[in-house]
Amino acid sequence: MTPNSAHVRIAALFAAFAVILGAFGAHALNGVLVANGTLEVWKTASQYHLIHALALLVLGLVGGTEKLVTWSWRCLGLGTVIFSGSLYVLALTNIKQLGAITPIGGLLMIVGWLLVAARRWR
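In structure tokens, the structure reads:
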């Protein structure tokens, strides 16, 4: 399989933003997050963000254009945006209703991982 350059570039950006947002939360936003009681929410968002950015990078490097790999990449990518994104916004705004969106991202990430497993069983 040949690397998918677009996927690798996007995954690298995902990883860069995970590091930026993690550092931003630990330093510039620390006071807001502590005041909101949402520092752990931010940490969870940035942890899942970085882990899945690395997964996207690996899939981009080994993936090629096979359907299962493409769909696993899409599910992991969109799941990360929804899961971590909703947690980032929840942590900043303390709007608890945003927590209802987070499981949709988690479900997409689970589907993405199951598609990775399905590809290995073929």
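Residue numbers 1143 to 1264, in this note's numbering, belong to the letters of the sequence shown in order.
C-beta: ideal position from N, C-alpha, C; glycine also.
Q. So Ser1226 packs on His1191, CB below 8 Å; how close in whole Å?
A. Taking 8 Å as the upper bound for CB-CB distance, Ser1226 and His1191 are in contact here, some 4 Å apart.
Q) Anyone know if the C-beta pair for Leu1198 and Gly1219 falls short of 8 Å? A) Against a cut-off of 8 Å, the Cβ pair of Gly1219 and Leu1198 comes out as a contact.
Q. How would you call Ser1214, buried or exposed, if buried means at least 16 neighbouring beta carbons within 10 angstroms?
A. The residue is buried, with at least 16 neighbouring Cβ atoms inside 10 Å.
Q) Would Gly1254 be called buried (16 or more neighbouring beta carbons within 10 Å of its own) or exposed? A) Burial call: buried.
**Q.** Entirely enclosed alpha helix (DSSP H) segments - the segment 1144–1223, minimum 4 residues
**A.** Runs of the alpha helix (DSSP H) inside the segment 1144–1223: 1147–1168, 1172–1178, 1181–1205.
Q) With DSSP run on the structure shown, which of helix, strand or coil describes Ile1237? A) Three-state result, Ile1237: coil.
(Q) Just to confirm before moving on: does the CB-CB distance between Ala1233 and Trp1263 stay below 8 Å? (A) Against a cut-off of 8 Å, the Cβ pair of Trp1263 and Ala1233 comes out as no contact.
Q: Assuming Ala1157 and Ala1195 form a contact by the criterion Cβ under 8 Å, report the distance between their Cβ atoms to the nearest whole angstrom.
A: Contact holds; Cβ gap of about 4 Å.
Q: Report the option in Thr1180, Ile1252, His1149, Leu1163 whose CA atom is closest to the CA atom of Leu1201.
A: Closest by C-alpha distance to Leu1201, out of Thr1180, Ile1252, His1149, Leu1163, is His1149.
Q.
Helix, strand or coil for Ile1243? Go by DSSP, reduced to three states.
A. Collapsing the DSSP output to three states places Ile1243 in coil.
Q: Quick one: residues in its chain with C-beta nearer than 6 Å to the C-beta of Gly1247, no 5 flanking neighbours on either side, listed in chain order?
A: Excluding sequence neighbours, Gly1247 sits near Gly1221, Ile1224, Phe1225.
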